[in-house]
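For the sequence shown, position 265 (counting from the first letter as 1) is numbered 265 according to this note's numbering, and the numbering increases by one without interruption.
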Amino acid sequence: MGKAQVLPPARRNAAVWAYAAAGTTIIVFYLVTSSPARYMLPVLVAASVVFAIAMGLTRNRPPSFVPWCLFAAAMAPYTVADAIWGMYQVRDADVPFPGVADMLYLGSYLLFAAGLVTLARQQSGRLHWAGLLDAGIVTLGFCILAWAFIIAPYLRSDLSAWPLAVSIAYPVADLVLLCMAARLTLTTGKRTPSFLLCTGWLLALLAADGLYYGTTATTGTAIAEDVSEVGWMVSSLLLGAAALHPSVGRPTQLSDSKESIPRKRLSILIALILVGPLIVVANVGGIRYQPVNVTVIVGMLATLSLLLVLRIAFLAQYAQSRAAEARTRAHDLAASLRQQEELQKQLSHRATHDPLTGLANRMLLNERLESALGRCSATSPAGLLMLDLDGFKEVNDTLGHPSGDELLIDVARRLTGRVREQDIVARLGGDEFALLVEGVGASALYDYTMRILDSFNDSFILAHGRSLHMTTSIGARSITRPTTPAEALRDADIALYRAKTAGKNQAVFFESP
């Protein structure tokens with residue numbers, strides 16, 4: 001078997017417009033003609049819905065296939081009921097009530113409700129409680145209206161049990177459909193054109209039913225029956241168009257609007273809550289003098305108030321969860337900022353310190369040296385020492401670089417243990433170190449330098465207990481006037497060179513020429 005031909009969206013949209021145009025023509029003809037045959041036109045519109053749904057399922061392949069099959073199944077008895085009603089109208093005869101047509105109409109409403117329930121289940125794998133509560137509030141509000149204007153008048157009528165039960169069954173079926181419509185409408189996030197057409201179908205159907213059964217209950221006969229008939233035809237037309245529209249093939253997403261109640265929805269909910277008290281205050285149909293009706297309305301109001309409290313509880317629970325999430329995010333953000341600050345400190349430390357020994361590097365020494373030299377004077381002298389280990393190359397060559405690195409770390413540790421807290425100890429590279437001393441005159445600098453030199457008299461203990469004697473050569477420069485770091489380092493390096501050439505393991509002080 002070959003694959004089904006998929007039509008482009010433009011051609012599928014054209015089918016929707018053609019269907020709408022044909023249906024509108026039938027409705028207009030129904031309004032302008034006075035022939036009794038016009039009562040058979042609703043049958044054509046209702047029958048067309050079954051074919052429109054079948055064509056829509058074939059062309060658009062909706063993800064929710066079962067609901068549309070139920071809608072098509074519902075339109076079959078609906079069409080037959082329209083045909084029965086139309087034939088009685090053509091003959092200008094009274095339609096039996098209750099009769100076969102009523103059973104078919106009510107059966108179709110049950111199938112419509114089943115289709116809407118299935119559609120809601122297939123569009124969302126979980127219950128959306130906030131939307132369900134909103135739908136319950138809306139439905140209860142209209143229940144109060146239905147009771148006051150339709151059901152209560154029927155109960156006061158002279159109808160016998162069976163006709164009364166059928167008469168009340170219609171508004172009850174409408175309320176079931178209203179609940180399903182509210183449930184879908186109030187929990188749907190992204191609405192497709194097909195979904196909007198379905199919403200229009202339900203609204204038109206419920207409006208036409210409300211007009212017909214409301215006027216029948218209160219006056220004993222339907223007022224503006226043609227208006228109701230046009231409403232029913234329009235509703236059928238919208239259902240067929242919804243099935244034909246290409247967007248029926250796209251899933252409709254449901255969303256739980258717990259975080260807020262839109263202003264328009266809030267206004268509608270408040271209005272529906274006030275319906276019951278207004279009916280009692282206005283004494284519609286003398287309802288205040290009818291204890292049973294007052295009791296029913298009060299019960300509905302109590303249930304409606306309970307649903308409203310639950311809705312507010314959902315909002316409060318959501319607000320609390322969002323507040324907890326906000327606190328968690330704030331805590332995570334603070335931790336992240338602390339980590340970032342620590343990382344910046346680490347990066348800054350790595351940029352200004354020697355990675356092996358942890359001492360200041362040449363860049364940091366230059367910064368501190370420039371700052372110290374700018375403050376130098378005869379009363380606030382400074383000193384700069386440069387050290388170079390004697391015979392360090394032999395340590396690397398004989399013991400290996402790991403032992404050499406271990407020795408450098410021990411030298412750095414010993415130097416930092418011999419200097420003051422405010423002094424700067426730096427590693428310039430290789431086995432070369434430098435010390436920056438502030439507030440020390442020439443004589444004190446000499447004692448300071450000899451103490452550093454003597455600190456190398458003790459052997460260094462390497463890994464595995466190996467003992468190693470290491471000496472150093474020192475070049476020192478006493479600074480009593482402002483100068484540049486380059487000049488100070490140059491002078492100390494000259495003194496170091498003289499110490500190395502003089503036999504090592506000694507200190508030489510730079511003397512200005």
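The C-beta atom is built at its ideal place from N, Cα and C for all residues, glycine as well.
Measure the Cβ-Cβ separation of Val-508 and Ala-495 and say whether it is below 8 Å. Yes, the pair counts as a contact, with Cβ atoms nearer than the cut-off.
What does DSSP give as the partner residues of Ala-382 in its beta bridges? Answer is Glu-438, Ile-479.
Ends of the beta strand (DSSP E) at Ala-426? Where Ala-426 is concerned, the enclosing beta strand (DSSP E) stretches over 424 to 429.
With contact counted as at least three CB pairs below 8 Å, one residue from each stretch, are the segment 13 to 31 and the segment 41 to 55 in contact? Here the segment 13 to 31 lies against the segment 41 to 55, with 3 or more beta-carbon pairs under 8 Å apart.
Let me confirm a value: Ala-243 is counted as buried when at least 16 other C-beta atoms fall within 10 Å, else exposed. Which label applies? Note on Ala-243: 16 or more other CB atoms within 10 angstroms of its CB, so buried under the neighbour-count rule.
Take the Cβ of Glu-341 as the centre, count every other Cβ of all protein chains shown within 10 Å, and call the residue buried at 16 or more, exposed below. Flag for Glu-341 reads exposed.
Close beta carbons around Tyr-105, own chain, < 8 Å, minus the five adjacent residues each side: Excluding residues within five positions, the ones whose Cβ falls inside 8 Å are Pro-77, Tyr-78, Ala-81, Tyr-170.
What would DSSP say about Glu-511, mapped onto helix, strand or coil? Coil at Glu-511, not helix or strand.
Check for me: the alpha helix (DSSP H) holding Tyr-212 runs from which residue to which? Tyr-212 -> alpha helix (DSSP H) spans 193 to 219.
Relative to the C-alpha of Tyr-448, which residue among Leu-356, Val-437, Ile-270, Arg-375 is closest? Of all alpha-carbon atoms in Leu-356, Val-437, Ile-270, Arg-375, the one lying nearest the alpha-carbon of Tyr-448 is that of Val-437.
Any contact of the segment 89 to 105 with the segment 155 to 170, i.e. 3+ C-beta pairs under 8 Å? Judged by Cβ distances under 8 Å, the segment 89 to 105 makes contact with the segment 155 to 170, as three or more pairs qualify.
Below 6 Å CB to CB, which residues in the same chain sit around Ala-492 once its five sequence neighbours on both sides are set aside? Leu-384, Met-386, Gly-475, Arg-477, listed in sequence order.
So, at 7 Å on beta carbons, what are the nonlocal neighbours of Leu-145 in its own chain, with the 5 sequence-adjacent residues on each side left out? Setting aside the 5 residues that flank it on each side, Leu-145 is surrounded in the same chain by Val-275, each with a C-beta closer than 7 Å to its C-beta; the list follows chain order.
Are the CB atoms of Ser-35 and Met-75 nearer to each other than 8 Å? Against a cut-off of 8 Å, the Cβ pair of Met-75 and Ser-35 comes out as no contact.
In chain order, what residues of the same chain lie with their CB nearer than 8 Å to the CB of Gly-429, ignoring the 5 residues before and after it? Excluding sequence neighbours, Gly-429 sits near Arg-362.
Span separating the alpha-carbon of Cys-179 from that of Tyr-212: So the two alpha carbons sit approximately 20 Å from each other.
In this structure, does DSSP put Asp-388 in helix, strand or coil? The answer is strand: DSSP assigns Asp-388 an E or B state.
Just to confirm my understanding: we take Val-176, look at its own chain, exclude 5 residues before and 5 after, and list those with CB closer than 6 Å. What are they? Cβ within range, chain order: Ala-113.
Can the beta-carbon of Thr-471 be found less than 8 Å from the beta-carbon of Ala-412? Cβ distance not < 8 Å, so Thr-471 and Ala-412 don't count as in contact.
Let me know if Val-16 comes out buried or exposed under the rule of 16 or more other beta-carbons within 10 Å of its beta-carbon. Buried, by the Cβ-count rule.
Counting along the chain, where does the alpha helix (DSSP H) carrying Pro-77 start and finish? Membership of Pro-77 in the alpha helix (DSSP H) is indicated by the continuous run 65 to 90.
Taking the alpha carbon of Leu-269 as the point to measure from, which residue in Tyr-289, Leu-197, Leu-307 has its own alpha carbon closest? Comparing Cα-Cα distances from Leu-269 to each of Tyr-289, Leu-197, Leu-307, the minimum goes to Leu-307.
Return the CA-CA distance between Gly-439 and Asp-423, expressed in angstroms with no decimal places. One C-alpha to the other measures close to 10 Å.
Residues bridged to Thr-472 (per DSSP): For Thr-472, which the question treats as bridged, DSSP gives the partners Leu-389.
Given this structure, state the Cα-to-Cα distance separating Ile-452 from Leu-415, to the nearest angstrom. Looking at the backbone, the Cα of Ile-452 and that of Leu-415 are separated by about 7 Å.
Which same chain residues end up closer than 8 Å to Ala-514 when comparing Cβ atoms and leaving out the 5 residues on each side of it in sequence? Residue 514 cannot be examined here, being either before or after the span of the chain that is shown, 1 to 513.
Go ahead and label Ala-4 buried or exposed: buried means 16 or more other beta carbons lie within 10 angstroms of its beta carbon, across all protein chains shown. Because the pLDDT of Ala-4 is 43, which lies under 50, any placement of that residue in the model is unreliable, and the number read from its coordinates should be weighed accordingly. With fewer than 16 Cβ atoms within 10 Å of its Cβ, Ala-4 is classed as exposed.
Thinking C-beta only, is Ala-217 closer than 8 Å to Ile-297? Taking 8 Å as the Cβ cut-off, Ile-297 and Ala-217 do not qualify as a contacting pair.
Locate the alpha helix (DSSP H) running through Trp-232, then write down its first and last residues. It spans 225 to 244 - the alpha helix (DSSP H) in which Trp-232 sits, taken as one unbroken run.
contact_flag[the segment 321 to 337, the segment 392 to 411] where n(CB pairs < 8 Å) is 3 or more: Because the criterion of three Cβ pairs below 8 Å is not met, the segment 321 to 337 and the segment 392 to 411 do not touch.
Rounded separation between Leu-364 and His-353 - CA only: Note on geometry: alpha-carbon atoms of Leu-364 and His-353 lie some 7 Å from one another.
Does the beta-carbon distance from Pro-62 to Gly-240 come in below 8 Å? Against a cut-off of 8 Å, the Cβ pair of Gly-240 and Pro-62 comes out as no contact.
In this structure, does DSSP put Phe-142 in helix, strand or coil? If DSSP states are grouped into helix, strand and coil, Phe-142 belongs with the helices.
Spatial neighbours of Ile-26 in its chain, beta-carbon cut-off 7 Å, leaving aside the 5 residues before and after: By the criterion of a C-beta distance shorter than 7 Å, Ile-26 is surrounded in its chain by Leu-41, Leu-44, Val-45, once the five residues flanking it on both sides are discounted.
On the DSSP bridge assignment, give the partners of Phe-460 in chain order. Leu-468, per the DSSP bridge assignment.
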